[in-house]
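Student:
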Amino acid sequence: MKRMLLLLLILAGLVAGCTSLTLPSELPTPSKVFDAQGRLIATLSPQKRIPVPLKDISPYMQQAIVAIEDARFYQHHGIDPVGLLRALYHNIRAGKIVEGGSTITQQLAKNMFLSPERTARRKIKELWLTIQLERRYSKQEILQMYLNQIYFGQGAYGIEMAARTYFDKSARELDLGESAMLAGIVRAPSLYNPATNLNGARERQSLVLQRMVELGMITPEEAREARQKPLHPQNRLAGQTRAAYFVAEIVKYLQEKFPDQPDLAYTGGLYIHTTLDLDMQEAAEKIFQESLAQQDPALEGALVAYDPRNGYVKAMIGGRDFSRSQFNRALARNQPGSAFKPFLYAAAIDRGYTAATTLECKPVSYEIPGQPPYQPRDFNGGYHNRPFTLKEALYTSDNVVAVELNNRLKPQTLVAYARRMGIASPLRPYLSLALGTSEVTPLEMVRAYGPLANGGVLARPLLITKILDQKGRVLEENSPQLQQVLDSKTAYIVTDMLKGVLEPGGTAAAAGALLDRPAAGKTGTTAYFRDAWFVGYTPQLVTAVYIGYDDKSRSVGATGGQLAAPLWAKFMAAALRDEPKDDFPVPEDIVFVDICTDDGLRATPFSSRVIKAAFVKGTEPALPSFWGSTTPWGLKLRDLLQQDVNFYRKNYEKP
């Protein structure tokens, strides 16, 4: 009786001394991130937590946690002197701590609002907040908050994450034995972790089941069956497994947008609607891991998929394992190699060159002021010593022709076109820029290839479409931003040239066979095989794949066609499996002509190597290929004759 009076006096003092303490008007609430179809991608919390409503938590789990942590939870009003005395009795009898004296509401107040210090002042705050929690919330609401708050070990906060971490199931699917085991962890997660101390966890499970029997929650037979059921808890860390790099960018964006509220993403209860497609993301993650499974574990990479029609980023991978490295390589700069060449060829087509224009692959030396002469070589270190049409030069990735084309157009022109098409990274206006010697990001590359896929229209990349607060008010809303940056005919002609990359004779012909739908793209391999790239597209999707080491002294030892292109093709096939196999729409005034690759003239029955190429009507070659046309005198005669044809077309043909 004396102890009870003393406790009442203490509580009276608490009421007098803590009237200034109040609960926050809104409890910290994790934000939720959704994909473009409204499917949940992630719940943002400082800890690894996935809050769920009480109805989605197994009744066994609800009973088990009450039985072991606070048997009189539904009878007391937050502070339970009877429970405190009972716990003291059980602990003295057992000779160790087997039961806590704090109620569930007290534990909730402590975990949600207070620091871990052990002082009398902190205890007073805890008791006062406990009383306020009980006054404001129902028992069901308190139990729901508690089960979503407590720590279960292995990085898992809350019952949903614990169920997934230990038993690979949802909280609603937990059976009696699993529930009792998880409830037993809470008192000492490191000591009773079933993945590392199964015997200790079994003892705690047995104690929880015994308390449930004593409280009439279950029968002795049910307890016995639960004890005997084999359990195989998993030894793994809890964590975000889907779209981890994408979600990290969402958090970063929110922190930059609301700098005065750095924790808003985790505590603001926001509803964040994104452009991501979970089906594409999961396909990307699966194929990415499978494709690199046999590679050196240190080999890294990235993948970005983007809809060129609206700018929606549909999938993003920034590395092989987010838990190992949070560095997002989808946004990191690396040399793209020959994947940079399409910007040069777009500039050339705009300036009057055609797919049939021929340039020679032969030894050449360019004088560079203050530096040794620049002598580009083909990828194999030599020269073909013959003319190439621009189309063949692009789909076979001839370096010497690309540098000569850049020399004729001037590097500043290439820089300007790359900028127009979406490259924002610093670019060095050198002749070698045509070979991708300035660093860019995979996200930039999909953006800059977008105009080729979408009739010359550039779409600004979007990750977020809408952000709502807890009350449904719109904080931000984004819509596609489109800009015509290339003539649609230029975009189509370059696309037609790049389709050859995925066809027999192209640098990624094997990938084209894997995809089996109209597509275009370009391989990229940097000097000494350091990095491998493939950037390719259909009318619906542009995807960039980058493979390389973070340590640039190391080389991947393979070309973009060998390493990156097959991964790209497998992903595109999976991502577009339900999409029609549409070809790129052909603009007006585009014509197709079979040309001889030896001289760029119209193919004849005697031409040994023939390709079909696209032209703006009136620019297609008019002369037939003839014997001797590849000799110096033949090329000169061809050019003179073609000039006469062009003059006639310009001055005498009716429009």
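For what it's worth, full-length UniProt numbering labels the leading residue of the sequence shown as 1, then goes sequentially. Quick reminder that beta carbons are idealized off the backbone N, C-alpha and C, glycines included.
#1: Just to confirm before moving on: does the CB-CB distance between A491 and L452 stay below 8 Å?
#2: Is it right to say R428 is buried, meaning 16 or more other beta carbons lie within 10 angstroms of its own, or is it exposed?
#3: Can you have a look at residue 701 and say buried or exposed, based on whether 16 or more other CB atoms are within 10 angstroms of its CB?
#4: For Q261, report the span of its alpha helix (DSSP H) as first-last.
#5: Based on the DSSP output, what are the partners of A573 in its beta bridges?
#6: So the alpha helix (DSSP H) P342 belongs to, where does it begin and stop?
#7: Is it true that the stretch 327-338 meets the stretch 529-539, where meeting means three or more beta-carbon pairs spaced less than 8 Å apart?
#8: Is G557 helix, strand or coil when you go by DSSP?
#9: Please classify K522: does DSSP put it in a helix, a strand, or coil?
#10: Using DSSP with H/G/I as helix, E/B as strand and the rest coil, what is Q643?
#11: Comparing C-alpha positions only, which one of L215, L299 and V82 sits nearest to V556?
#12: Would you give the residue range spanned by the alpha helix (DSSP H) that residue 689 belongs to?
#13: Taking the C-alpha atoms as reference points, what is the distance between T594 and D35?
#14: Which residue wins for smallest C-alpha separation from I467, given the options L414, A434, G269 and I590?
#15: Does the Cβ of Q483 have 16 or more other Cβ atoms within 10 Å, making it buried, or fewer, making it exposed?
#16: Considering only the beta carbon of each residue, do L390 and A355 sit closer than 8 Å?
#17: Using the beta-carbon count (16 or more within 10 Å), is I50 buried or exposed?
#18: Alpha carbon to alpha carbon, how far is S625 from T604? Give it in angstroms, no decimals.
#19: Among the residues of its own chain, which have a CB less than 7 Å from the CB of Y353, if the five just before and after it don't count?
#20: Measure the alpha-carbon distance for F167 versus H232 and round it to whole angstroms.
#21: Pull the bridge partners of E444 from the DSSP assignment, please.
#22: May I have the straight-line CA-CA distance separating R473 from D263, to the nearest angstrom?
#23: Which residues in the same chain have their Cβ closer than 7 Å to the Cβ of L215, if we skip the five residues on either side of it in sequence?
#24: Are there 16 or more other CB atoms within 10 angstroms of the CB of L640, so buried, or fewer, so exposed?
#25: How many Å lie between L394 and M497 at the Cα?
#26: Hey, would you say A434 sits closer than 8 Å to L344, going by beta carbons?
#27: Output yes or no for whether 8 Å exceeds the beta carbon distance between I150 and V208.
#28: Where does V415 fall in DSSP's three states?
#29: Check whether the stretch 301-311 and the stretch 496-511 are in contact - that is, three or more C-beta pairs closer than 8 Å.
#30: With DSSP run on the structure shown, which of helix, strand or coil describes P624?
#31: For K32, name the three-state secondary structure that DSSP assigns.
#32: Are G78 and Q107 touching if we call contact CB-CB under 8 Å?
#33: Could you say which of P297, S206 and I272 lies nearest to T465 if we only look at CA atoms?
#34: With three or more C-beta pairs closer than 8 Å as the rule, is the stretch 240-249 touching the stretch 319-330?
#35: Can you tell me where the beta strand (DSSP E) with Q483 in it begins and where it stops?
#36: When the distance is taken between beta carbons, is K522 closer than 8 Å to A339?
Tutor: Looking at the atomic coordinates:
#1: yes
#2: exposed
#3: For the chain, the structure presents residues 1 to 655; residue 701 sits outside this window and is missing.
#4: First-last for Q261: undefined, no H or E at that position.
#5: DSSP, once it has assigned bridges, lists no residue as partnering A573.
#6: K341 to D350
#7: yes
#8: coil
#9: strand
#10: helix
#11: L299
#12: The question about residue 689 has no answer, for the chain in this structure spans 1 to 655.
#13: First, the amino acid is wrong: residue 594 is Asp here, not Thr. So the alpha carbons of these two residues sit roughly 45 Å apart.
#14: G269
#15: exposed
#16: yes
#17: buried
#18: 6 Å
#19: L390
#20: 7 Å
#21: DSSP output for E444 lists no bridge partner at all.
#22: 19 Å
#23: A67 and A71
#24: exposed
#25: 7 Å
#26: yes
#27: no
#28: helix
#29: no
#30: strand
#31: strand
#32: no
#33: I272
#34: yes
#35: L482 to Q484
#36: yes
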